[in-house]
Every structure is written in structure tokens, then in C-alpha cells.
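Before any comments, here is the structure.
In this note's numbering, the protein residues as written are 71 to 195.
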């Protein structure tokens, strides 16, 4: 049995129908899904609380058992924090959280590399 916890950055808190947020640090919420054998079995929303360190949201997600993060963009510091704790970062594919998860589960997710990082402006498309 395969089990993954996948978090997707969201513009609003509307579950799988939420639009994917353009930037990790500025998202309104993380939609966290539990996927068992390729099927979504649980969906929860985790607010992106105010944070003093770029690593805070990364550590919070890892503390929830998340092992994959899907986002359209993020800065170098949270990306490095994710790398240090073994959190896989995937560039979002799809307009909604549900679309992004299905793209990832279909094997079409692109791992984010340092070439895809931003300087923190939050205006990814």
C-alpha cells in the first residue's frame, strides 16, 4: 500500500477546487491531501499563518506528515529548508488544487529546481 501526504499552495480555502497559489510564502492556505494507492482519501485545509522565518511553513507541513509540496513558485530560503528536511517540491500543473494533484499522480509533475526559484515577489503564473 502506497501512502503520500501532498500539500498544495492555495489562493483561497475551497478544498480541491481552490486555485493554486502563485507563491508558497504568500498563499492563503495549504490544501493537504492524503493519497492512498493513487486515490485521494482525505482533504484538509491548513491556514498559512504569519511566520517569522521562511522555514516555519516548511517545518509545519513536515510536522503534519507532508512529503510532497506542489506550488507554482517559492523563494530560495524555503526551497533550501524543504531540501534539508526531505520535502519534495513539485511545480504546480493545473488551475486548481485538484488538477495539480491529478497531474502529479499521473507522473507529469516537474520537480522544482533552483532555476525555477524567485526573489519572493509572489507573481508566478
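Quick reminder that beta carbons are idealized off the backbone N, C-alpha and C, glycines included. For clarity, every value in this text was computed on a predicted model and none was experimentally measured.
- In summary, residue 117 is exposed, with fewer than 16 beta-carbon neighbours lying within 10 Å of its beta-carbon over all protein chains present.
- Judged by DSSP secondary structure, residue 77 falls within the beta strand (DSSP E) whose first and last residues are 73-80.
- If you draw a straight line from the Cα of residue 138 to the Cα of residue 170, it is about 12 Å long.
- Distance from the CA of residue 180 to the CA of residue 166, rounded to the nearest whole angstrom, comes to 16 Å.
- In the three-state reduction of the DSSP assignment, residue 170 falls in the helix class, which pools H, G and I.
- From the listed residues 111, 95 and 168, the smallest Cα separation to residue 73 is found for 111.
- In the three-state reduction of the DSSP assignment, residue 95 falls in the helix class, which pools H, G and I.
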